[in-house]
Amino acid sequence: MAKLLAGAALMTIGATAGVMPARAQAPTGEPITIGAILSITGPVAGVGQPERDGVLLAERAVNEAGGIAGRPLKVQIEDDASNPDTAVSKANGLIRVSRIRALIGSSNLAATVAIGGLTDPIRLPHVALSGIGPAVEARRTCVMHLLAPQELNARAALTYARDALSAKRVGVLHDSGYGQAVANSLKAVAAEYGIELVQIEKFEIGATDVSAQAAKVKAAGPQAVIVVASSATPFRNVHDLRMGVPVIASIASSSYEYVRAMGEAAEGVVFAEFLVAEDPLPHQADFVRRFQAAYGRLPKNYEAAGFDAVNLIAKVMAEAGANADNAAICTALRKPFQGVLARYDFSAPDMTGIKLTSFTYSQVRGGRFERLAFRPQ
Amino acid sequence: MTHTSLRMLALAACLAVGLALPFVAPLPLVDRLVFAAIYGIAGLGVGLLLGQCGILNLAQALFYGIGAYATAYASVELGWPPAAGFAAGLAVSGALAFAIGWPTLRLNGYFLALATLALGIAGHELFFEWDWLTGGTFGIGGIPPIRLAGLPFNTPETFYYIAWAVFLAALFLARNLIASRNGLAMQAMRDAPDAAAVLGIDMHRLKAKMFVVSAMLGAVAGSLFAHYVGFVSVQSFGVERSIQFLLIPVVGGARSLVGMAVGAIFIALVPELLSHFGEIHHVLFGLALVAVVIICPDGIAGLWQGLRARIAAPRTAEASTKEPNHAA
Chain A
-12 MAKLLAGAAL
-2 MTIGATAGVM
8 PARAQAPTGE
18 PITIGAILSI
28 TGPVAGVGQP
38 ERDGVLLAER
48 AVNEAGGIAG
58 RPLKVQIEDD
68 ASNPDTAVSK
78 ANGLIRVSRI
88 RALIGSSNLA
98 ATVAIGGLTD
108 PIRLPHVALS
118 GIGPAVEARR
128 TCVMHLLAPQ
138 ELNARAALTY
148 ARDALSAKRV
158 GVLHDSGYGQ
168 AVANSLKAVA
178 AEYGIELVQI
188 EKFEIGATDV
198 SAQAAKVKAA
208 GPQAVIVVAS
218 SATPFRNVHD
228 LRMGVPVIAS
238 IASSSYEYVR
248 AMGEAAEGVV
258 FAEFLVAEDP
268 LPHQADFVRR
278 FQAAYGRLPK
288 NYEAAGFDAV
298 NLIAKVMAEA
308 GANADNAAIC
318 TALRKPFQGV
328 LARYDFSAPD
338 MTGIKLTSFT
348 YSQVRGGRFE
358 RLAFRPQ
Chain B
385 MTHTSLRMLA
395 LAACLAVGLA
405 LPFVAPLPLV
415 DRLVFAAIYG
425 IAGLGVGLLL
435 GQCGILNLAQ
445 ALFYGIGAYA
455 TAYASVELGW
465 PPAAGFAAGL
475 AVSGALAFAI
485 GWPTLRLNGY
495 FLALATLALG
505 IAGHELFFEW
515 DWLTGGTFGI
525 GGIPPIRLAG
535 LPFNTPETFY
545 YIAWAVFLAA
555 LFLARNLIAS
565 RNGLAMQAMR
575 DAPDAAAVLG
585 IDMHRLKAKM
595 FVVSAMLGAV
605 AGSLFAHYVG
615 FVSVQSFGVE
625 RSIQFLLIPV
635 VGGARSLVGM
645 AVGAIFIALV
655 PELLSHFGEI
665 HHVLFGLALV
675 AVVIICPDGI
685 AGLWQGLRAR
695 IAAPRTAEAS
705 TKEPNHAA
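So the protein lines, in turn, are chains A and B.
-12 is the number of the first residue of the first sequence in my numbering; add one for each residue after it.
385 is the number of the first residue of the second sequence in my numbering; add one for each residue after it.
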């Protein structure tokens, strides 16, 4: 019943979509298939599942608005189980068997790097749901990244620590995936902000207890703690240790599921992110309304990233022509795009174009995100 | 038709089907079969230790990782050809297995199993921490495919032949090893250690040798994996991968080489088949494993051998009852 209601709601909102033509003709002909490799199970499922919801919402919205050049869009979703090996196998299948026209994913950085090794040689348009990672990604000019580069994530957290908290001594707790990338950047740029990283502690993705690492951070006497992880665990451990200092979190742990899993530990945590669904920016309001109507809950950043990925590909393919070759679509992708998450410029060297001013800051109060007045300079 | 002729015929049929598979099977199946061969090589190392020496090895992912990283580093950072990467992996894993195995293999039973588990965890931590060498979580990408006579083996269909050729060669060598003097010594050590000691078998030395062989098989599998996937990261070499390798002889049958091939196919294919059931597929795979272990405690090969024995038993009884009449 819930699915029926969601479908009915989607039909309604699809017809009144702001960016798509209303009363569009139903798409006909052979579907244009794009692939999406998402981490729906495994340690990064907390990211992959919201992304899947955003992808499916966008697929329906595109089709209800007439499809791509009159042809229906089909998104074939595959689960990589948060594992790069599986992601490569799935990508092989999507490219060779399903003959996809573009690929979205993956939800985790290592899998994204792995599948980029398949998409890049054949110039298959690839929209990654992560920020640009290791050096090899800089050479992959047909892989667009929908999230901020890791250095920008680091700068967003440090800017808040310095300007809003006046902190000079900061501790860092991070996981071994995305967290590692941000931590590397934190080490590289902290001095520019006059901040000393008094203790940096790493733990493995999916760790269920990081008390030992959190205790070391506490022992170093930081004035604030930056947590970069796709997990609720470090927040609970920091809370249990009663550190009594502000906690700054990254986008990786900003989902409602993680916040619920944090329990009391979520209270007061500040997130450097992009979408505060309780108080959306004007260009985000329509997406939030659509998502809430479809799923009966508010979206966060990863739902928006999934939605943006499909819309970006659909828009570019419609402009380049449904039969345009890979190289033409890749070229067409490299230009500005107004997404829900941010305003992108894929012609920028980081293939994202997100700026520090694109970040917004929120604080959890009573299980809800409240937009903070703080603006990064 | 004699029993030997039937076996040869069955073998030829299996070979023909195997050779034709990449042309007729869907690509995802061929891909999983490539992984079956790669995992099978590493699982064979674990199976030889378990089935022939009675040693439970939970550190195989460490040697698998060494092979993968050696190949990745040699080909990407140093620009060496694939053969040099394979050789580096074999040398490093063999030397490390000897250095670690010599003192560790004095332990027995659960203590030895726990020691190998600790070794596997320590190895994973080192892969994780030494990101200057391994790339940590981001791994090492851009590993070139194996080329033979200028042809790249960069698709599941082409790599299938390399992976299965290596796996079959490893099975053949393992068969010879089991039938050799060392193999008989291993079986004596496994079944009657006191008697083996009385016979003058240096059990510690034999265990260390087998541990090195097992590690080198793990390294070969790791090198093949690196060339096939083109990317290696620490996520592929955790303890769960060692458990996966251990499951191959457990499911297939630790004392049967054919069983290990069956176990490898089971481990590589069943999770993929079950993934169509959605997020519950991990639970279903766990249940499938429990079912296999309960129904076939000696592995799938053990079940088959049991069935053959049951079929053969009445015939033998019938023959023996007829014998006195002939004599009369």
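All C-beta atoms in this analysis are idealised placements derived from N, C-alpha and C, irrespective of residue type, glycine included.
No experiment lies behind these values; they were computed from the predicted model shown.
Practice task
Pull up the distance between the alpha-carbon of Tyr544(B) and that of Gly534(B), whole angstroms please.
Solution key: Indexing the second sequence from 1 puts residue 544(B) at position 160. Indexing the second sequence from 1 puts residue 534(B) at position 150. Approximately 17 angstroms between the Cα atoms of the pair.
Handout entry: For Glu188(A), three-class secondary structure by DSSP
Key = Locating residue 188(A) in the first sequence gives position 201, where the first residue counts as 1. Correct three-state label for Glu188(A): strand.
Handout entry: Residue span of the alpha helix (DSSP H) that contains Thr500(B), given as start and end
Key = Position 116 of the second sequence, counted from the start, is the residue given in the question as residue 500(B). Counting along the chain, the unbroken alpha helix (DSSP H) around Thr500(B) starts and ends at 493 to 513.
Problem - Under the three-state DSSP convention, the category Ala56(A) falls into - result: Counting from one through the first sequence, the residue named residue 56(A) turns up at place 69. Look at Ala56(A) here: in three-state DSSP terms it is coil, with no helix or strand label.
Handout entry: contact_flag[the segment 166 to 175 of chain A, the segment 183 to 190 of chain A] where n(CB pairs < 8 angstroms) is 3 or more
Key = yes
Exercise for the section: Check Ser76(A) in the structure and name its three-state DSSP category. Expected result: Within the first sequence, residue 76(A) is the residue found at index 89, counting from 1. Helix.
Exercise for the section: Check Glu260(A) in the structure and name its three-state DSSP category. Expected result: For the purposes of this step, residue 260(A) is taken as the residue at position 273 of the first sequence. Looking at Glu260(A) - three-state DSSP - the assignment turns out to be strand.
Problem - Contact set between the segment 116 to 144 of chain A and chain B, restricted to residues whose Cβ is under 7 angstroms from the partner - result: Gly120, Pro121, Val123
Exercise for the section: Would you verify that the beta carbon of Val31(A) is, or is not, closer than 8 angstroms to some beta carbon of chain B? Expected result: Locating residue 31(A) in the first sequence gives position 44, counting from the first residue. So no, Val31(A) is outside the interface.
Problem - Residue range of the alpha helix (DSSP H) that includes Val550(B) - result: Position 166 of the second sequence, counting from 1, holds the residue named residue 550(B). Counting along the chain, the alpha helix (DSSP H) containing Val550(B) begins and ends at 540 to 563.
Problem - Limits of the unbroken beta strand (DSSP E) element including Ala207(A) - result: For the purposes of this step, residue 207(A) is taken as residue 220 along the first sequence, with counting starting at 1. Unbroken run through Ala207(A): none, as it is neither H nor E.
Handout entry: Three or more C-beta pairs below 8 angstroms linking the segment 474 to 483 of chain B and the segment 587 to 601 of chain B
Key = They touch, by the three-pair rule.
Problem - chain A contact for Ser659(B) (CB, 8 angstroms cutoff) - result: In the second sequence, the residue the question calls residue 659(B) occupies position 275. Yes, contact with chain A.
Exercise for the section: Please list, in chain order, all residues of the same chain as Ala400(B) whose beta carbon is under 8 angstroms from its beta carbon, the five residues on each side excluded. Expected result: As a first step, residue 400(B) is located in the second sequence; it is residue number 16 there, counting from the start. Nothing listed; no residue qualifies.
Handout entry: chain A contact for Phe650(B) (CB, 8 angstroms cutoff)
Key = As a working mapping, residue 650(B) is identified with position 266 in the second sequence. It does not: the Cβ of Phe650(B) has no partner Cβ on chain A nearer than 8 angstroms.
Practice task
Establish whether the CB of Leu510(B) and some CB of chain A are separated by less than 8 angstroms.
Solution key: As a working note, residue 510(B) is residue 126 in the second sequence. False, the Cβ-Cβ gap to chain A never drops below 8 angstroms.
Practice task
Enumerate in chain order the residues of its own chain whose CB-to-CB distance from Gly614(B) is below 6 angstroms, with the five nearest sequence positions on each side excluded.
Solution key: Stepping through the second sequence from its first residue, residue 614(B) is reached at position 230. The residues are Ile527.
Practice task
Taking Ile213(A) as part of the beta strand (DSSP E), name the residues at either end of that continuous run.
Solution key: Taking the first sequence and counting its residues from 1, one reaches residue 213(A) at position 226. Residues 211 to 215.
Handout entry: Pick from Arg355(A), Thr339(A), Phe361(A) that is closest to Val130(A), judged by C-alpha positions
Key = On the first sequence, residue 130(A) is found 143 positions in, with the first residue counted as 1. Checked all of Arg355(A), Thr339(A), Phe361(A); the closest Cα to Val130(A) is Thr339(A).
Practice task
Using the DSSP secondary-structure output, state which residues sit across from Val114(A) in a beta bridge.
Solution key: Translated into positions along the first sequence, residue 114(A) becomes position 127. Its beta-bridge partners are Ile91(A), Met131(A).
Problem - Buried or exposed (CB count within 10 angstroms, at least 16 for buried), Lys287(A) - result: On the first sequence, residue 287(A) is found 300 positions in, with the first residue counted as 1. It is buried - the Cβ of Lys287(A) has at least 16 other Cβ atoms within 10 Å.
Exercise for the section: Report, in whole angstroms, the separation of the C-beta atoms of Thr488(B) and Val618(B), which I expect to be a contact under 8 angstroms. Expected result: Here residue 488(B) corresponds to residue number 104 of the second sequence, with the count starting at 1. Here residue 618(B) corresponds to residue number 234 of the second sequence, with the count starting at 1. About 23 angstroms separates the two Cβ atoms, so there is no contact after all.
Handout entry: Ser617(B): contacting residues in chain A (beta-carbon distance under 7 angstroms)
Key = Position 233 of the second sequence, counted from the start, is the residue given in the question as residue 617(B). When 7 angstroms is used as the limit between beta carbons, Ser617(B) is near these residues of chain A: Pro71, Ala97, in chain order.
Exercise for the section: May I have a chain-ordered list of the beta strand (DSSP E) segments no shorter than 3 residues that lie completely inside the segment 138 to 201 of chain A? Expected result: 156 to 162, 183 to 190
Handout entry: chain A contacts made by the segment 408 to 427 of chain B, where a contact means CB separation under 8 angstroms
Key = Pro410, Leu411, Pro412, Asp415, Arg416, Phe419
Exercise for the section: Mind listing the chain A neighbours of Thr386(B)? Cutoff is C-beta to C-beta under 7 angstroms, in chain order. Expected result: For this step, residue 386(B) is matched to residue 2 along the second sequence. Correct list: empty, because the minimum Cβ distance to chain A is about 43 angstroms.
Problem - Neighbour flag for Ala(-4)(A) against chain B, beta carbons, 8 angstroms - result: Residue -4(A) sits at position 9 when you count from the first residue of the first sequence. Since pLDDT at Ala(-4)(A) reaches only 45, below the 50 mark, its modelled position is unreliable, and no value is offered.
Handout entry: Buried or exposed by the 16-neighbour rule on C-beta atoms within 10 Å, applied to His588(B)
Key = Working through the second sequence from its first residue, we reach residue 588(B) at position 204. Exposed, by the Cβ-count rule.
Handout entry: Spatial neighbours of Thr(-1)(A) in its chain, beta-carbon cut-off 6 angstroms, leaving aside the 5 residues before and after
Key = For the purposes of this step, residue -1(A) is taken as residue 12 along the first sequence, with counting starting at 1. At Thr(-1)(A) the pLDDT is 41, less than 50, meaning the model places this residue with poor confidence and gives no usable figure here.
Problem - Cβ pair count under 8 angstroms reaching 3, the segment 386 to 406 of chain B against the segment 47 to 62 of chain A - result: no
Problem - Neighbourhood of Glu244(A) by C-beta, 7 angstroms cutoff - its chain only, sequence neighbours within 5 removed - result: Taking the first sequence and counting its residues from 1, one reaches residue 244(A) at position 257. So the list reads Gly33, once near-sequence residues are dropped.
Practice task
Using 10 angstroms around the beta-carbon of Lys591(B), count the other beta-carbons present and answer buried if the total reaches 16, otherwise exposed.
Solution key: As a working note, residue 591(B) is residue 207 in the second sequence. The residue is buried, with at least 16 neighbouring Cβ atoms inside 10 Å.
Practice task
Indicate whether the contact test is met: 3 or more Cβ pairs, each with one atom in the segment 92 to 106 of chain A and one in the segment 67 to 81 of chain A, closer than 8 angstroms.
Solution key: yes
Practice task
Please name the residue or residues paired with Pro323(A) in a DSSP beta bridge.
Solution key: For the purposes of this step, residue 323(A) is taken as the residue at position 336 of the first sequence. Paired residue(s): Asp332(A).
Exercise for the section: Figure out for me which residue from Lys174(A), Glu183(A), Asn171(A), Ala151(A) has the closest Cα to the Cα of Ala360(A). Expected result: In the first sequence, residue 360(A) corresponds to position 373, counting from 1. Comparing Cα positions, the closest option is Ala151(A).
Exercise for the section: State yes or no: is the beta carbon of Thr521(B) nearer than 8 angstroms to at least one beta carbon in chain A? Expected result: Residue numbering aside, residue 521(B) sits at position 137 when the second sequence is read from its first letter. It does: the Cβ of Thr521(B) has a partner Cβ on chain A nearer than 8 angstroms.
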